[in-house]
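Undergrad: Below is the structure I would like to discuss, written out as C-alpha cells.
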Amino acid sequence: MIHHRKDHATYKILYSVCATNCGNLKAARGFVTDGEVGLSEAFSSDLPLATHLRCFKHLESNCRAKLHSVGIQSRKDQSFFLRKVFGLKGKIRSILDAEDEDELKELLEAAKEEIENIETTLASGQSEKYNPVFYDYILSHYDMMRDNMICNVRRQAGLPDGSDGKPGRCYTYE
C-alpha cells in the first residue's frame with residue numbers, strides 16, 4: 001500500500017495503524033523520516049508537539065548521488081565533502097553539528113570557499129570552465145537542516161547528548 005501511493009492520505013492510514021498498536025505514540029517528542037513529504041505531514045498533523053527529524057543516512061546518500069552526478073565518483077574523493085557536512089563523530093566538527101540557526105549560517109559560510117575549490121579541482125577534468133554546484137546543493141537544503149537536523153532540534157526531540165557533547169543522530173535504518 002505505502003510503496004504504491006506516497007501521499008498524505010496513505011500515510012495517515014499508516015499513522016493510524018501505528019497509533020493503534022503503540023498506545024503512547026501521542027507522547028512522542030520526535031519522529032524520523034527519510035524526507036518523504038507526505039509521511040512527515042501525516043505524522044506532524046497527528047503529533048503536533050513532536051519534532052520532525054530527518055534521517056542522516058538518507059541525506060548522506062543524496063549528497064553522494066549529487067557528487068556522483070558532477071563526476072566526483074570515488075568514495076575517497078567524496079569523503080572531503082561528506083566530512084564537511086556530516087563530520088566524524090567526536091573527531092571532525094561539521095555543518096550539522098551547528099547548535100542553532102546562527103551557527104548553521106556561520107558554518108555554511110565558513111565552508112563555502114573550500115568546498116567550491118576542492119570541487120572545482122576534482123571535477124574540472126570534465127570541462128575547462130567548471131562551475132561548482134555542491135555548495136549550492138547543500139544550501140538548497142538549508143531549511144531542512146535548520147528545522148530537522150541541527151543540534152538544538154535533535155535535543156528538542158529528546159535525543160540525549162553523547163560523549164562528544166552533541167545529541168545523537170537519527171536514522172530510519174542502519
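Here the UniProt record's numbering is used: position 83 in the sequence shown is 83, and no number is missing along the way.
Just so it is clear, CB atoms sit at the ideal spot from N, CA and C, and this is done for glycine as well.
Flag this pair as yes or no: are the beta carbons of L53 and V32 separated by less than 7 Å?
TA: Yes, the pair counts as a contact, with Cβ atoms nearer than the cut-off.
Undergrad: Answer with buried or exposed for K166, where buried requires no fewer than 16 other C-beta atoms within 10 angstroms of its C-beta.
TA: Counting Cβ neighbours within 10 Å, K166 comes out buried, since at least 16 surround it.
Undergrad: If you follow the beta strand (DSSP E) that L53 is part of, which residue opens it and which one closes it?
TA: Where L53 is concerned, the enclosing beta strand (DSSP E) stretches over 51-54.
Undergrad: Measure the C-alpha to C-alpha separation of N65 and E114 and round it to an integer number of angstroms.
TA: Rather than Asn, the amino acid found at residue 65 in this sequence is Ala. Distance between the alpha carbons of A65 and E114 is about 20 Å.
Undergrad: Using C-beta distances below 6 Å, list every residue in its chain close to M149, excluding the 5 sequence neighbours before and after it, in chain order.
TA: Excluding residues within five positions, the ones whose Cβ falls inside 6 Å are R54, L96.
Undergrad: Assuming T33 is part of the beta strand (DSSP E), what are its boundary residues?
TA: T33 -> beta strand (DSSP E) spans 30-33.
Undergrad: Looking at T51: is its Cβ nearer than 7 Å to the Cβ of A123?
TA: No, the pair does not count as a contact, with Cβ atoms beyond the cut-off.
Undergrad: Quick check on D161: does DSSP put it in helix, strand or coil?
TA: The answer is strand: DSSP assigns D161 an E or B state.
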